[in-house]
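**Q** Per this note's numbering, the sequence shown starts with residue -19, numbered consecutively. Beta carbons: idealized from backbone N, C-alpha and C, even for Gly. No experiment lies behind these values; they were computed from the predicted model shown.
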Amino acid sequence: MRRIPRRRKNVNLVEKVKSAVDLSQYKGVGKVVLAYSGGLDTSIMVGLLQEVLGAEVVTLTLDFGQTEYAGSDLNLMKKKALSLGAAAHKFFDVKDEFFSGYIAKAVKANSLYQGEYPNSTALGRPLIAKYLVAVAEHEGADAVAHGSTGKGNDQVRFDLSVAALNPDLKVIAPVRDWELKRDEEIAWAAESGIPVPMGASKYSVDANMWGRSSECGVLEDPAAEPPEDVFQWITPPEKAPDSPLGVKLWFEKGIPSALEFDGVKITGGVNIVTTLNELAGKNGVGMIDHMEDRVVGLKSREVYECPAATVILKAHKDLEKYVFTKEENGFKPVIDKLWSECVYGGLWYHPLMKELGAFVDASQEKVSGWVSLKLYKGTAQVLARNSPHALYDMNLASYNVGSRFNQKDALGFIKLYGLNTVMAGKIAKAAQMAVKA
Ligand code: ARG
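#1: Are Val12 and Val32 close, meaning C-beta to C-beta below 7 Å?
#2: Use the C-beta contact count for Lys(-11): other C-beta atoms within 10 angstroms, 16 or more gives buried, fewer gives exposed.
#3: To the nearest angstrom, report how far apart Ala204 and Gln5 are at their CA atoms.
#4: With distance defined between alpha-carbon atoms, name the residue in Ala121, Trp350, Ser100 nearest to Asn133.
#5: Kindly list the residues whose CB is nearer than 6 Å to the CB of Met(-19), restricted to its own chain and excluding five residues on each side of it in sequence; keep chain order.
#6: Please classify Ile174 as buried or exposed, where buried requires at least 16 other C-beta atoms within 10 Å of its C-beta.
#7: Mapping DSSP to helix, strand and coil, what is Arg(-17)?
#8: When the Cα atoms are used, what is the spatial distance from Cys196 to Val210?
#9: What is the rounded straight-line gap between the Cα of Met419 and the Cα of Gly95?
#10: Are the region 230 to 249 and the region 184 to 203 in contact at 8 Å, needing three or more beta carbon pairs?
#11: Taking 6 Å as the cut-off, is the C-beta of Thr101 nearer than that to any heavy atom in the ligand ARG?
#12: Any idea what DSSP makes of Ile252, helix, strand or coil?
#13: Using the C-alpha atoms, what's the distance from Ser352 back to Lys297?
#14: Would you list the one or two residues that DSSP bridges to Leu355?
#15: Starting from Asp273, trace the beta strand (DSSP E) in both directions and tell me its first and last residue.
#16: In the structure shown, what three-state DSSP assignment does Pro217 receive?
#17: Helix, strand or coil for Lys(-11)? Go by DSSP, reduced to three states.
#18: Alpha carbon to alpha carbon, how far is Gly261 from Lys(-4)? Give it in angstroms, no decimals.
#19: Assign Glu321 to one of three DSSP states: helix, strand, or coil.
#20: For a test of the three-state rule: what should DSSP assign to Lys182, helix, strand or coil?
#21: Would you say the region 306 to 316 touches the region 336 to 353, given that touching needs at least three Cβ pairs under 8 Å?
#22: Are the CB atoms of Val74 and Leu42 nearer to each other than 7 Å?
#23: Since Leu149 and Val155 should fall inside the 8 Å C-beta cutoff, what is the C-beta to C-beta distance between them, to a whole number of angstroms?
#24: For Ile501, does the three-state DSSP call read helix, strand or coil?
#25: Determine, using beta-carbon pairs with one atom in the region 55 to 67 and one in the region 272 to 291, whether at least three such pairs fall under 8 Å.
#26: On the CB-based measure, 16 or more other CB atoms within 10 Å of its CB, does Ile268 come out buried or exposed?
Structure, rendered in structure tokens:
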């Protein structure tokens, strides 16, 4: 086992945990796989898990296409994890898997929790859990660990997903289980020489290519406007370019398949999403600030940056409306809502997800075509759309000469369609007369 690095200065946090927590529950835990983002919580956890449990820690980082992880940062992250005392650092590029297995499904289900949040963080968690379990099984670890608090949704998502995939693995969430406080963590990191990312003391951030979320600090006051430095992906609309950018998005059975802008056409899901994050972000599109109802019952103020998701979901919805019948347009949102609530609530591995997914997939057979939009100072406006499966017939809808729609048919239709309304009107009138008489 790797030697635990000695800390010269204050070790209060370790002592605090050792004296406050019943460590017998971790008996037999010799190796832990930690979901490591390089942020404040997970950085201090490498040493803490070792020192408190005397266990070997393997760190795991996934590249979800978040700009924060771009380029050489990943090597730095490995170096940092090892310097903090990790026995090994595992890294996987999951961008394609995240797009095809998670984002694509979310697009098909128009996933917006409470009508606003594209479920970006929520979609990433079950994939992290899948890798935590796979690495733990491969490494012969007895437990996995994550940096979630006891107040959020992520603990629910991690714990449930890991338990669904391998119930024998112990799940440790030190911030929750050992009651670590953010200010204590910051102080301990400073005293122990643990480098934490700039701004870590200001906000708690989570990001993947479907969106970036910021919590904590001044954001905890819903009556206060979010400071400008919260937004790292999106230019404030008032500072965005003065001329609009036109984009055209193609869908193949509900999944984004190509993107055209400035005369360039690109393909590939990851490429489309990351490019759109840049294009829409530059034009101020995708800021979301809403009051969210968490799984654990708390209401919280959430600030998101979701440029690509905002544009893609808007275009997809428009295309659906164009190819669906009125009844499909009325019913699918019911399924979409349930799907989104399950994802938000950590039920990715619940059997209902597969069943809802089967309906969603069946509905997407005809959701192919393109939608063009204008990105301009914070808005994404649909300009036009086209699909070989459109239920729209210009010949029928046109008010010009030559339409095949027989307007006289409307008379008989209105009589039958309005039977209830007319009957109710008659009765109401008779009742009124009776009162007067
Ligand atoms: N409220 C969001 C969710 O539950 C985002 C949570 C992300 N965590 C963070 N530290 N910013 O999906």
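**A** Short version:
#1: Taking the first residue of the sequence shown as position 1, residue 12 is located at position 32. Taking the first residue of the sequence shown as position 1, residue 32 is located at position 52. No; because the gap between Cβ atoms is not below 7 Å, this pair is not in contact.
#2: For the purposes of this step, residue -11 is identified with residue 9 of the sequence shown, where counting begins at 1. Only weak support is given to the placement of Lys(-11): the predicted model assigns it a pLDDT of 47, under 50, and the question is left unresolved by the model.
#3: Here residue 204 corresponds to residue number 224 of the sequence shown, with the count starting at 1. Here residue 5 corresponds to residue number 25 of the sequence shown, with the count starting at 1. So the alpha carbons of these two residues sit roughly 42 Å apart.
#4: Reading the sequence shown from its first residue, position 153 is the one you call residue 133. Considering only alpha carbons, the answer is Ser100.
#5: Residue numbering aside, residue -19 sits at position 1 when the sequence shown is read from its first letter. Bear in mind that the predicted position of Met(-19) carries a pLDDT of just 41, short of 50, making it unreliable; the figure below should be weighed with that in mind. If we look at Met(-19) and ignore the five residues flanking it on each side, its Cβ neighbours are Glu36.
#6: The sequence position of residue 174 within the sequence shown is 194, counting from 1. Ile174 is buried by the Cβ-count criterion.
#7: Taking the first residue of the sequence shown as position 1, residue -17 is located at position 3. With a pLDDT of only 46 at Arg(-17), under the threshold of 50, the placement of this residue in the model should not be trusted, and no figure is reported.
#8: The residue labelled residue 196 in the question sits at position 216 within the sequence shown. The residue labelled residue 210 in the question sits at position 230 within the sequence shown. Distance between the alpha carbons of Cys196 and Val210 is about 11 Å.
#9: Within the shown structure, residues of the chain are numbered from -19 to 417, placing residue 419 beyond reach of any answer.
#10: no
#11: Here residue 101 is taken as the residue at index 121 of the sequence shown, counted from 1. With a cut-off of 6 Å, the C-beta of Thr101 is classified as near the ligand ARG, since at least one heavy atom of the ligand falls inside that distance.
#12: In the sequence shown, the residue the question calls residue 252 occupies position 272. In this structure, Ile252 counts as helix in the three-state DSSP scheme.
#13: As a first step, residue 297 is located in the sequence shown; it is residue number 317 there, counting from the start. As a first step, residue 352 is located in the sequence shown; it is residue number 372 there, counting from the start. So the alpha carbons of these two residues sit roughly 13 Å apart.
#14: On the sequence shown, position 375 is the one that residue 355 refers to. Leu355 pairs with Leu225, Ala360.
#15: Along the sequence shown, one-based indexing puts residue 273 at 293. Residues 267 to 273.
#16: To locate residue 217, count along the sequence shown from 1; it is residue 237. Helix, per DSSP.
#17: As a working note, residue -11 is residue 9 in the sequence shown. Note that Lys(-11) scores a pLDDT of 47, beneath 50, so its modelled location is shaky; the value from the coordinates is reported in the next line. Coil, per DSSP.
#18: Your numbering for residue -4 matches position 16 in the sequence shown. Your numbering for residue 261 matches position 281 in the sequence shown. So the two alpha carbons sit approximately 44 Å from each other.
#19: In the sequence shown, counting from the first residue as 1, residue 321 sits at position 341. The answer is helix: DSSP assigns Glu321 an H, G or I state.
#20: The sequence position of residue 182 within the sequence shown is 202, counting from 1. Of the three classes helix, strand and coil, the one that applies to Lys182 here is coil, per DSSP.
#21: The count of Cβ pairs closer than 8 Å, one atom from the region 306 to 316 and one from the region 336 to 353, reaches three, so the stretches are in contact.
#22: Numbered from 1 along the sequence shown, position 94 holds the residue referred to as residue 74. Numbered from 1 along the sequence shown, position 62 holds the residue referred to as residue 42. Yes, they are a contact pair.
#23: What you label residue 149 is simply residue 169 of the sequence shown in a count that begins at 1. What you label residue 155 is simply residue 175 of the sequence shown in a count that begins at 1. Not quite, the Cβ-Cβ distance comes to about 19 Å (not below 8 Å), so this is no contact.
#24: Residue 501 lies beyond the residue range present for the chain, which begins at -19 and ends at 417; the question has no answer from this structure.
#25: no
#26: Taking the sequence shown and counting its residues from 1, the one referred to as residue 268 is at position 288. Counting Cβ neighbours within 10 Å, Ile268 comes out buried, since at least 16 surround it.
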